[in-house]
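Line by line, the protein sequences give chains A and B.
Last residue of the first sequence? That's 305 in my numbering, and every number before it is there in order.
Last residue of the second sequence? That's 335 in my numbering, and every number before it is there in order.
Just so it is clear, CB atoms sit at the ideal spot from N, CA and C, and this is done for glycine as well.
Scroll down for the structure; my scribbles are underneath it.
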Amino acid sequence: MRFFDSHVHMVSRTTDDYQRMAAAGVTAIIEPSFWQGQPRTEVGTFKDYFNSLIGFERFRASQFGIQHYCTIGLNPKEANNEKLAEAVLELMPLYICKEGVVGIGEIGFDDQTKAEEKYLIKQAELALEADLPIQIHTPHRDKKKGTIRTMDVLEDVGIDPAKVIIDHNNEETVKEVLDRGYWSAFTIYPHTKLGNERMVQLMLEYGAEQIVVDSAADWGISDPLAVPKTAALMKDRGISLEKIEQVTYHNPLAAYGQSGQVSEQDWAGSEGIDPTALFEGNTLLRGGMDVETAMSQYLIE
Amino acid sequence: MNLKEIDEPMNHSDRMEPRMRERILTLLNKTASPDAVAWLQQTIASQEAHFERRPFYYAFSGVSRHFDKAGRLPEDSDEIFGDWDEYRLARVGLLLLLAKQDEAEFVETFHALLNTADLREQVALFSALPWLPHPEKLLEAAVDGLRSNIVDIFDSISLDNSFPAENFSDEAWNQMVLKAIFITRPLYRIMGIGDRKNILLAEAISDLAHERWAAGRMITPEAWQSCEGFIDDRIAGDIAKMAESDQKEDRAAAALVFSKDDSGKLEALRSGLTPELERIANGDLTWKTLGKTMEEKLTRKCLT
Numbered sequence: 005m006r007f008f009d010s011h012v013h014m015v016s017r018t019t020d021d022y023q024r025m026a027a028a029g030v031t032a033i034i035e036p037s038f039w040q041g042q043p044r045t046e047v048g049t050f051k052d053y054f055n056s057l058i059g060f061e062r063f064r065a066s067q068f069g070i071q072h073y074c075t076i077g078l079n080p081k082e083a084n085n086e087k088l089a090e091a092v093l094e095l096m097p098l099y100i101c102k103e104g105v106v107g108i109g110e111i112g113f114d115d116q117t118k119a120e121e122k123y124l125i126k127q128a129e130l131a132l133e134a135d136l137p138i139q140i141h142t143p144h145r146d147k148k149k150g151t152i153r154t155m156d157v158l159e160d161v162g163i164d165p166a167k168v169i170i171d172h173n174n175e176e177t178v179k180e181v182l183d184r185g186y187w188s189a190f191t192i193y194p195h196t197k198l199g200n201e202r203m204v205q206l207m208l209e210y211g212a213e214q215i216v217v218d219s220a221a222d223w224g225i226s227d228p229l230a231v232p233k234t235a236a237l238m239k240d241r242g243i244s245l246e247k248i249e250q251v252t253y254h255n256p257l258a259a260y261g262q263s264g265q266v267s268e269q270d271w272a273g274s275e276g277i278d279p280t281a282l283f284e285g286n287t288l289l290r291g292g293m294d295v296e297t298a299m300s301q302y303l304i305e
Numbered sequence: 032m033n034l035k036e037i038d039e040p041m042n043h044s045d046r047m048e049p050r051m052r053e054r055i056l057t058l059l060n061k062t063a064s065p066d067a068v069a070w071l072q073q074t075i076a077s078q079e080a081h082f083e084r085r086p087f088y089y090a091f092s093g094v095s096r097h098f099d100k101a102g103r104l105p106e107d108s109d110e111i112f113g114d115w116d117e118y119r120l121a122r123v124g125l126l127l128l129l130a131k132q133d134e135a136e137f138v139e140t141f142h143a144l145l146n147t148a149d150l151r152e153q154v155a156l157f158s159a160l161p162w163l164p165h166p167e168k169l170l171e172a173a174v175d176g177l178r179s180n181i182v183d184i185f186d187s188i189s190l191d192n193s194f195p196a197e198n199f200s201d202e203a204w205n206q207m208v209l210k211a212i213f214i215t216r217p218l219y220r221i222m223g224i225g226d227r228k229n230i231l232l233a234e235a236i237s238d239l240a241h242e243r244w245a246a247g248r249m250i251t252p253e254a255w256q257s258c259e260g261f262i263d264d265r266i267a268g269d270i271a272k273m274a275e276s277d278q279k280e281d282r283a284a285a286a287l288v289f290s291k292d293d294s295g296k297l298e299a300l301r302s303g304l305t306p307e308l309e310r311i312a313n314g315d316l317t318w319k320t321l322g323k324t325m326e327e328k329l330t331r332k333c334l335t
């Protein structure tokens, strides 16, 4: 099977992860711009970060046969540093129309401050200007209210919900997000977000329409194999292959494909995964791929 | 400087721009979709009427939204633009327009684009150098670009590009040529390679050759062109070694150096190089024909 993980922060991951992802069938990924743990104090570090998303990280992924795309944005946490935020907003027009940039993201609310709202609006306007999808981060705290407020703000700007992927949903937020016409993404992330047993239940209740499953693997305790593992668990629990493919491959492709910057043709011709073919002549690729061990425990709690 | 291998005048953007732009649009019409070409023409027209940075940024990066990523000119379809892809042609077309802005606007915008460029955008920016004004303001960026470990970027500055020969110091020139040898690039496509020879480069090439030989590896025979005119005892020994090589391209290089030599230090090689010297006399063997042969070999298999 092929998977499209539409939310994963590869700059924080190792080549071991790339090897295991490729071997497990992850064909394409989207790397949203995000908070890197250490707050940035200069706009120049954003520039170099964006450059690495469209440059070295894309190259690194390609070494493992994985197509790498990204979204460009100012994350909500750092929107609270207004001087920096203004400078980042000045920088973004240089990036958002680039090849392989499939949206503005991840943006939204963290503490739900005024400043966060201001830069959510400004970035939504940029998305309108460049005709790009938006990838929304919903807050960890006061999530339900923050999610509704995000949708209200976007609709005030005139954004079409069909061009917005709202991420990190849970049982409390999914209904309204779907009812209002947005894509609803679920992050399978151990401990702090959603386990995949819950994801199976959500699928049983809401079906596969407009639903996206991703890993959001980053610098925390997270799992870059969350999408294939969740697919395996879904199969185990009797969900049809068609529906599994829809939420782990076709839906993210359709949602972000609206950018015109990603299509199946980009990886056409790479028939399945042949790990041995990736090794020759590549200095990044070393060691073996132990997929069996990685996949043997596919329950994420 | 008069560079024999360069047949187009350079760095006169006012005079060159309309002609180059027409040439680019004509070429794009042969390969790209009519919609894409129309978009480019319209963008150039509106930016010409009123230049604004933000729409220019969108247009420069947004070339990928309109043109085909795999689209390129058929091989050898143009003397200047060779087999460039659509992105590169369209972006150079836009840069010709940027070249007409005032100096501050031009220099700042160029560097903003370069500092945030993806791989193919960098290739376009460096490819445009010969037609851009204020070369002294672009020199450092070009020298720095050569430090890239991405071959496409290195090639866009070093190959088929008149900017280095016209603007580089000997130090920068020598670094570029040595790196091109080191990573086995086709040296005959370095414009001005026959004119920018200097003693320091000749000595460095000899040193590199000795290092390679000590490691049991070869050096591209094209390298010896830059030693012409600097035949001391040591380099004469190197050329003698090439004249006795079992590789015919090495012997060809030795004969080419011999044919231009007036030091007298290579005289003993004459009889061993008779067939090659005949081919030189007929015009069948030049640094360019040798370079092309090496490039064909290179595309078949990596030399190093």
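In the structure shown, the three-state DSSP call for A32(A) is strand. Listed along chain A are P97, L98, each with a C-beta nearer than 7 Å to that of Y88(B).
DSSP assignment within the segment 108-160 of chain A yields the following whole beta strand (DSSP E) runs of 3 residues or more, N-terminal first: 138-141. Within the model, the alpha-carbon separation for K61(B) versus F82(B) is close to 28 Å. A distance below 9 Å separates the beta carbons of F54(A) and S37(A). Chain order gives the chain A residues near A143(B) as L98, where near means a beta carbon separation below 7 Å.
Under the Cβ distance rule, R248(B) does not count among the residues neighbouring chain A, no pair being separated by less than 9 Å. Sorting A172(B), I111(B), G113(B) by C-alpha distance to the C-alpha of F141(B) places A172(B) at the top. Among the residues facing chain A, R96(B) is included, as its CB has a counterpart in that chain under 9 Å away.
Here D222(A) is buried, its C-beta having at least 16 other C-beta atoms within 10 Å. Measuring C-alpha to C-alpha distances from E86(A) to each of Q269(A), E121(A), D156(A), E176(A) identifies E121(A) as the nearest. Contact annotation for T147(B) against chain A: K51, F54, N55, L95, L98, Y99 [CB-CB distance below 8 Å, chain order]. Counted as a single uninterrupted DSSP element, the stretch harbouring D99(B) is not any beta strand (DSSP E), since DSSP gives it neither H nor E.
One finds nothing in chain A with a Cβ atom closer than 7 Å to the Cβ of S64(B); even the nearest lies about 14 Å away. Nearest in C-alpha terms to I33(A), of all of I304(A), A166(A), Y260(A), is Y260(A). Within the same chain, Cβ atoms closer than 8 Å to the Cβ of K148(A) are found at E176, T177, the five residues on either side in sequence being excluded. CA-to-CA, the gap between D135(A) and S263(A) works out to about 7 Å. A straight line joining the alpha-carbon of A128(A) with that of L158(A) spans about 7 Å.
DSSP places T75(A) within a strand segment (E or B) once states are collapsed to three. One alpha carbon belongs to G112(A), the other to L257(A), and they sit about 22 Å apart. Contact with chain A is found for R85(B), since one of that chain's Cβ atoms lies less than 9 Å from the residue's Cβ. Residues of the same chain with a CB within less than 7 Å of the CB of N198(B), apart from the 5 flanking positions on each side, are P166, L170 in chain order. Rounded to whole angstroms, the gap between the alpha carbons of N79(A) and M155(A) is 17 Å. The alpha-carbon separation between T320(B) and E139(B) amounts to approximately 41 Å. From the beta-carbon of I58(A), the residues of chain B found nearer than 7 Å are D149.
Counting only runs of 4 or more residues that sit fully inside the segment 202-283 of chain B, the alpha helix (DSSP H) segments are 230-245, 264-274, in chain order. Taking a C-beta cut-off of 8 Å against chain B, the contacting residues of the segment 255-273 of chain A are G264, Q265, listed in chain order. Rounded to the nearest whole angstrom, the CA to CA distance from A212(A) to A26(A) is 24 Å.
DSSP assignment within the segment 139-172 of chain B yields the following whole alpha helix (DSSP H) runs of 4 residues or more, N-terminal first: 150-158.
Any Cβ of chain B closer than 9 Å to the Cβ of R62(A) would place that residue at the interface, and such an atom is present. Pairing S257(B) with K228(B) gives a Cβ-Cβ distance under 9 Å. The C-beta separation of T75(A) from G109(A) comes to about 3 Å, placing the pair in contact by the 8 Å criterion. Partner residues in the beta bridge of A221(A), as assigned by DSSP, are V12(A). Of all residues in the segment 166-182 of chain B, none places a beta-carbon less than 7 Å from a beta-carbon of chain A. Among the residues facing chain A, G124(B) is not included, as its CB has no counterpart in that chain under 9 Å away.
Per DSSP, the unbroken alpha helix (DSSP H) holding V231(A) starts and ends at 230-240.
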